[in-house]
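Read the sequence shown against our numbering and you will find it ends at 484, with the numbers running on by one and no gaps. We treat Cβ as the ideally placed atom computed from N, Cα and C, and that holds for glycine. Bear in mind the structure is a predicted one, so any value in this text is a computation, not a measurement. Everything on this sheet refers to the single structure shown next.
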Amino acid sequence: MTRRALVVAALLPLVLAAGCRSFDPAEARREQTEAFRETLRNRLEALPERALSLEDCVRVALTNNAAVREADLNRVLAGLGQTAAFSAFLPRVAAGVGYTDRDYDNLLGMTSGGQLAFGPQEDTVGTLTVGLPVFAPSTWFLWAAARHGHAAAGIAADYVRQAIVLRTTAAYCDVLSQRDTVRALESQADAAAKLADRVGGLAAEGYAADWERGQADLQALARRTELDSARRRLRVLEADLLAAMGLPPEAEIELSGDCAGPQMPEGTVEELVLRALETHPRLAIADRLVVMNEHQVRRAFCAFLPTLSVRATHAWGGEGLVADAVGWSTGFQGAWTLFSGFANSAAYRAAKTGLRRTETEREEAFLSVIVGVLAAEAQVRDAREAVAVRRMAADVAVAKAADRADRAAEGLLPVSDALDARAEADFAQVALIRSRYQETVAVAALELAMGIVRAPGDAEQTEPEPEGGAE
Numbered sequence: 014m015t016r017r018a019l020v021v022a023a024l025l026p027l028v029l030a031a032g033c034r035s036f037d038p039a040e041a042r043r044e045q046t047e048a049f050r051e052t053l054r055n056r057l058e059a060l061p062e063r064a065l066s067l068e069d070c071v072r073v074a075l076t077n078n079a080a081v082r083e084a085d086l087n088r089v090l091a092g093l094g095q096t097a098a099f100s101a102f103l104p105r106v107a108a109g110v111g112y113t114d115r116d117y118d119n120l121l122g123m124t125s126g127g128q129l130a131f132g133p134q135e136d137t138v139g140t141l142t143v144g145l146p147v148f149a150p151s152t153w154f155l156w157a158a159a160r161h162g163h164a165a166a167g168i169a170a171d172y173v174r175q176a177i178v179l180r181t182t183a184a185y186c187d188v189l190s191q192r193d194t195v196r197a198l199e200s201q202a203d204a205a206a207k208l209a210d211r212v213g214g215l216a217a218e219g220y221a222a223d224w225e226r227g228q229a230d231l232q233a234l235a236r237r238t239e240l241d242s243a244r245r246r247l248r249v250l251e252a253d254l255l256a257a258m259g260l261p262p263e264a265e266i267e268l269s270g271d272c273a274g275p276q277m278p279e280g281t282v283e284e285l286v287l288r289a290l291e292t293h294p295r296l297a298i299a300d301r302l303v304v305m306n307e308h309q310v311r312r313a314f315c316a317f318l319p320t321l322s323v324r325a326t327h328a329w330g331g332e333g334l335v336a337d338a339v340g341w342s343t344g345f346q347g348a349w350t351l352f353s354g355f356a357n358s359a360a361y362r363a364a365k366t367g368l369r370r371t372e373t374e375r376e377e378a379f380l381s382v383i384v385g386v387l388a389a390e391a392q393v394r395d396a397r398e399a400v401a402v403r404r405m406a407a408d409v410a411v412a413k414a415a416d417r418a419d420r421a422a423e424g425l426l427p428v429s430d431a432l433d434a435r436a437e438a439d440f441a442q443v444a445l446i447r448s449r450y451q452e453t454v455a456v457a458a459l460e461l462a463m464g465i466v467r468a469p470g471d472a473e474q475t476e477p478e479p480e481g482g483a484e
């Protein structure tokens, strides 16, 4: 077997194996679904064997949430981009080998008898080339932009974690609030059913009108309906919490009810705004983007400058790689684009326009952060005042319902008045329960608006700085 036949025999299986497997969409979807469900089951089994506190849920969410993992992957990609940009400063080494097998007759030389010798010929050529840029200023600005891109990706990943902390906190408090609401509605539904039976007995004896019995039955039915709706709403809220934690939404988990949320940041509104402007990740990212676009402008200007590089090549030739080396050849190369159809000028103007755009976006982010802090601080105050108002309203409604019930039992008031008062008390108690956790969520939202949310156990962090290099 000739050498060519050996090469073909070696490559043929690889070519055939490249397309031997067909893609079945339905089967691929089933496999992916089962694999993902298995992942969810493993995460569920890894939970602590105790009722979960808010801190536990936040830790699980920061580990499993897809948005957090995606942000970490973006940071890794940005780091690889920085490494790739730095490689422009390193020497480029390239090796090549070529083989030629000529079947037709070639002149090989002279025989000892002075005759020309013809026959097939094999040629093998190898090269080793080393190149190094000497003056290529655009690479410096490319690398500087990549460094800031890596730093911005790290800041963005931290900001995503802050958002996940807020989402988990809100979902946890929503579940606790809804569970308290369900318990209250269960008690109210039971009380409404007993009251309906009692009013029905009074109506049968002629002490209450038929429409009053109908009103009592209506209240009992309304409480049962509201209870069923609250239970369904609770299941939805539990599924949202589990999804935020990266767990199967249909699973059952036990919550401890420990909702030690964040504390209200100290200071006046003006001090909170100033702190947000100093530390907010969104503004830090905007600063990085402006610097990156400044480097893009410098890179575009470098298109008008010449580039210089050196090159050295070592080549082999003859029959086989064992032939004597021809030797090194070195060179110095310079290139200067004199006219590119105005493409360089257009690219430079586009880079400057992009810089002005990012500066404008930073201004918008600046104002947005201020408004966000003002709105979030106002929501905290509203939540605090709402709790006080609803607590007082519940106390008044409960006392009123008790008084109306006693007077109706003595025959001093119609039964319908007592039923109306009981309904008002029920609504006031449910409203108080639902507002109990609003302050915790509002404080967490204020921390996110200021960009100071910290995961449980995390130390205070500062903005990552890229290593070395001039701006």
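Practice task
Just tell me which of V138, Q191, L93 has its CA closest to the CA of L445.
Solution key: Along the sequence shown, read from residue 1 onward, the residue named residue 445 stands at position 432. Closest option to L445, Cα to Cα, is Q191.
Problem - Beta-carbon separation (whole angstroms), F148 vs T320, contact threshold 8 Å - result: The residue you call residue 148 lines up with position 135 of the sequence shown. The residue you call residue 320 lines up with position 307 of the sequence shown. The pair is a contact, with the Cβ atoms about 6 Å apart (cut-off 8 Å).
Problem - Whole-angstrom distance between A412 and A221, CA atom to CA atom - result: As a first step, residue 221 must be located in the sequence shown, where it is residue number 208. As a first step, residue 412 must be located in the sequence shown, where it is residue number 399. In a straight line, the C-alpha of A221 is about 23 Å away from that of A412.
Exercise for the section: State yes or no: is the beta carbon of A80 nearer than 8 Å to at least one beta carbon in chain B? Expected result: As a matter of chain content, chain B is missing from the structure shown, which is built from one protein chain.
Problem - Buried or exposed by the 16-neighbour rule on C-beta atoms within 10 Å, applied to T194 - result: Counting from 1 along the sequence shown, the entry for residue 194 is found at position 181. T194 comes out buried.
Practice task
Could you spell out where the alpha helix (DSSP H) holding G167 opens and where it closes?
Solution key: Sequence index remark: in the sequence shown, residue 167 carries index 154 (1-based). Counting along the chain, the alpha helix (DSSP H) containing G167 begins and ends at 150 to 217.
Exercise for the section: Could you have a look at T46 and say whether DSSP puts it in helix, strand or coil? Expected result: Indexing the sequence shown from 1 puts residue 46 at position 33. Three-state result, T46: helix.
Handout entry: Straight-line gap, E83 to R174 (C-alpha atoms, nearest Å)
Key = Your numbering for residue 83 matches position 70 in the sequence shown. Your numbering for residue 174 matches position 161 in the sequence shown. Rounded to the nearest angstrom, the two C-alpha atoms are 11 Å apart.
Practice task
Tell me the start and end of each unbroken alpha helix (DSSP H) in the stretch 394 to 473 that is at least 4 residues and wholly inside, in chain order.
Solution key: 428 to 448, 451 to 463
Handout entry: C-beta contact flag for A316 and T181 at 8 Å
Key = Position 303 of the sequence shown, counted from the first residue, corresponds to residue 316. Position 168 of the sequence shown, counted from the first residue, corresponds to residue 181. No, the Cβ-Cβ distance between A316 and T181 is not below 8 Å.
Exercise for the section: Identify every residue that forms a DSSP beta bridge with Q346. Expected result: The count along the sequence shown starts at 1 and reaches residue 346 at position 333. Bridge partners of Q346: S322.
Practice task
Tell me V110's beta-bridge partners as DSSP assigns them.
Solution key: What you label residue 110 is simply residue 97 of the sequence shown in a count that begins at 1. Per DSSP, G139.
Practice task
Please name the residue or residues paired with A84 in a DSSP beta bridge.
Solution key: Residue numbering aside, residue 84 sits at position 71 when the sequence shown is read from its first letter. A84 pairs with nothing; no bridge assigned.
Exercise for the section: Consult DSSP for G144 and reduce its assignment to one of helix, strand or coil. Expected result: Translated into the one-based positions of the sequence shown, residue 144 becomes position 131. Three-state result, G144: strand.
Exercise for the section: Please report how far the alpha carbon of R246 lies from the alpha carbon of L208, in whole angstroms. Expected result: Numbered from 1 along the sequence shown, position 233 holds the residue referred to as residue 246. Numbered from 1 along the sequence shown, position 195 holds the residue referred to as residue 208. Approximately 26 Å between the Cα atoms of the pair.
Problem - Chain-order list of residues whose beta-carbon lies under 6 Å from that of F49 (same chain, five-residue window excluded) - result: The residue labelled residue 49 in the question sits at position 36 within the sequence shown. Closer than 6 Å at Cβ, skipping near neighbours: no residue.
Practice task
Counting only the same chain and skipping the five closest in sequence on each side, list residues whose C-beta sits under 8 Å from that of R288.
Solution key: As a first step, residue 288 must be located in the sequence shown, where it is residue number 275. The residues are P278, G280, M463, I465.
Handout entry: Option in P104, D69, R63, T52 with minimal Cα separation from S322
Key = Residue 322 sits at position 309 when you count from the first residue of the sequence shown. Out of P104, D69, R63, T52, P104 has the C-alpha closest to the C-alpha of S322.
Handout entry: Spatial distance of L198 from S381 (CA atoms)
Key = As a working note, residue 198 is residue 185 in the sequence shown. As a working note, residue 381 is residue 368 in the sequence shown. When rounded, the distance between both Cα atoms is 41 Å.
Handout entry: C272 and Y172 closer than 8 Å at C-beta
Key = As a first step, residue 272 is located in the sequence shown; it is residue number 259 there, counting from the start. As a first step, residue 172 is located in the sequence shown; it is residue number 159 there, counting from the start. It is not a contact, given that the beta carbons lie outside the stated cut-off.
Exercise for the section: Can you say whether S448 is buried or exposed, counting buried as having 16 or more other CB atoms within 10 angstroms of its CB? Expected result: Translated into the one-based positions of the sequence shown, residue 448 becomes position 435. That one is buried.
Handout entry: Nearest candidate by alpha-carbon position, reference A98, set F154, Q45, E68, N87
Key = Taking the first residue of the sequence shown as 1, we reach residue 98 at position 85. The option with the nearest alpha carbon to A98 is F154.
Problem - Opening and closing residue of the alpha helix (DSSP H) in which E267 lies - result: In the sequence shown, residue 267 corresponds to position 254, counting from 1. Note, E267: premise wrong, no alpha helix (DSSP H); not H, not E.
Exercise for the section: Name, in chain order, the residues that DSSP records as bridge partners for W224. Expected result: Working through the sequence shown from its first residue, we reach residue 224 at position 211. The partner list for W224 (beta bridge, DSSP) is empty, contrary to what the question assumes.
Practice task
Rank I298, F345, A363, V304 by C-alpha distance to the C-alpha of A169 and give the top, closest one.
Solution key: Taking the first residue of the sequence shown as position 1, residue 169 is located at position 156. Residue I298 is the option with its Cα nearest to A169.
Exercise for the section: Would you mind giving the Cβ-Cβ distance between E251 and V188, rounded to the nearest angstrom? I have them listed as a contact below 8 Å. Expected result: The residue you call residue 251 lines up with position 238 of the sequence shown. The residue you call residue 188 lines up with position 175 of the sequence shown. Indeed they touch by this definition, with Cβ atoms about 6 Å apart.
Exercise for the section: Measure from the alpha carbon of H163 to the alpha carbon of each residue in E47, S342, E265, Q95, then state which is nearest. Expected result: Numbered from its first residue, the sequence shown carries residue 163 at position 150. Closest by alpha carbon: Q95.
Practice task
In the DSSP assignment, find the alpha helix (DSSP H) that holds N77 and state where it starts and stops.
Solution key: Reading the sequence shown from its first residue, position 64 is the one you call residue 77. Run containing N77: 67 to 77, per the alpha helix (DSSP H) assignment.
Exercise for the section: Note down, in chain order, each residue of its chain lying with its Cβ closer than 8 Å to the Cβ of R375, except the 5 sequence neighbours on either side. Expected result: Taking the sequence shown and counting its residues from 1, one reaches residue 375 at position 362. Around R375: L296, A299, D300, L302, V303.
Handout entry: First through last residue of the alpha helix (DSSP H) which encompasses E62
Key = Numbered from its first residue, the sequence shown carries residue 62 at position 49. Per DSSP, E62 belongs to no alpha helix (DSSP H) and is neither H nor E.
Practice task
Rounded to whole angstroms, what's the CA-CA distance from L145 to D37? Just pull it up for me.
Solution key: The count along the sequence shown starts at 1 and reaches residue 145 at position 132. The count along the sequence shown starts at 1 and reaches residue 37 at position 24. If I take the Cα positions, the gap works out to 48 Å.
Practice task
Can you give me the start and stop residues for the alpha helix (DSSP H) that L10 sits inside?
Solution key: Coverage of the chain is limited to positions 14 through 484, which leaves residue 10 absent and any answer about it impossible.
Exercise for the section: Confirm, please, whether the CB-CB distance from V393 to E452 is below 8 Å. Expected result: Locating residue 452 in the sequence shown gives position 439, where the first residue counts as 1. Locating residue 393 in the sequence shown gives position 380, where the first residue counts as 1. Result yes, Cβ atoms of E452 and V393 sit closer than 8 Å.
Practice task
Measure the alpha-carbon distance for M405 versus L268 and round it to whole angstroms.
Solution key: Taking the first residue of the sequence shown as position 1, residue 405 is located at position 392. Taking the first residue of the sequence shown as position 1, residue 268 is located at position 255. Looking at the two C-alpha atoms, the distance is approximately 29 Å.
Problem - CB-CB length for A166 against R88, believed under 8 Å - result: Residue 166 sits at position 153 when you count from the first residue of the sequence shown. Residue 88 sits at position 75 when you count from the first residue of the sequence shown. 4 Å between Cβ atoms; contact.
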